[in-house]
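If you count the sequence shown from 1, you need to add 29 to reach our numbering. Just so you know, even glycine gets a beta-carbon here, dropped at the ideal spot from N, CA and C. Since the structure is predicted, the reported quantities are computational estimates derived from the model, not experimental observations.
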Amino acid sequence: MTSFDAIYDVFLSQISDPVFMEQDSDDQLKHRYLLNSIPRFRKCKKDLSKRDDHEFHEELTDEEVLILGTLMVVEYLNPLIISIENLKQFLSTRDFSMTSQAAHLRQLLELRETKRKDSEKLILDYTYNNSDLRELR
30 MTSFDAIYDV
40 FLSQISDPVF
50 MEQDSDDQLK
60 HRYLLNSIPR
70 FRKCKKDLSK
80 RDDHEFHEEL
90 TDEEVLILGT
100 LMVVEYLNPL
110 IISIENLKQF
120 LSTRDFSMTS
130 QAAHLRQLLE
140 LRETKRKDSE
150 KLILDYTYNN
160 SDLRELR
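Structure follows, in structure tokens:
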């Protein structure tokens with residue numbers, strides 16, 4: 030069995046947000062991000078639906094834990110981007126582009142894209158390393 034806490038640790042090692050950590054002391058947001066990440070890891074060899082509220086009923090490899098933790102970062106970034114995009118709609122284009130929020134949004138979008146690509150690469154490597162190439166015939 031693999032505790033969700035192991036995946037949360039990987040996720041938290043990839044972000045630096047003391048406000049988030051303080052607000053999510055009950056792990057509800059982390060749990061939601063994990064649940065949102067599971068369908069994005071369709072190639073997982075383990076059955077991720079076999080779980081309760083605290084752990085997967087199968088032992089996940091370090092690689093599988095890393096993939097889920099990285100996918101959680103993408104999920105974490107989504108609401109940050111959406112809230113800044115809402116601010117952009119409220120302000121005029123000129124006012125928004127003059128604020129540091131515009132630069133912050135660009136950085137968040139770039140970071141989300143980087144983490145998304147990282148997770149895709151991890152999943153691709155995982156799939157390749159866990160496939161039997163003889164089955165391709």
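- By the criterion of a C-beta distance shorter than 7 angstroms, residue 159 is surrounded in its chain by 74, once the five residues flanking it on both sides are discounted.
- In this model, residue 76 and residue 110 are separated by some 31 angstroms (Cα to Cα).
- If you check the CB distance, residue 104 and residue 62 come in under 9 angstroms.
- Residue pairing for residue 31: DSSP places it in a beta bridge opposite 85.
- Of the candidates 154, 42, 67, the residue whose Cα lies closest to the Cα of residue 84 is 67.
- Remark: three or more beta-carbon pairs, one from each stretch, lie closer than 8 angstroms, so the segment 145-154 and the segment 85-97 are flagged as touching.
- Residue environment analysis places residue 59 among the buried positions, since at least 16 neighbouring C-beta atoms fall within 10 angstroms of its C-beta.
- According to the DSSP assignment, residue 43 belongs to no alpha helix (DSSP H), since it is labelled neither H nor E.
- Uninterrupted alpha helix (DSSP H) stretches at least 4 residues long and entirely within the segment 135-159 do not occur.
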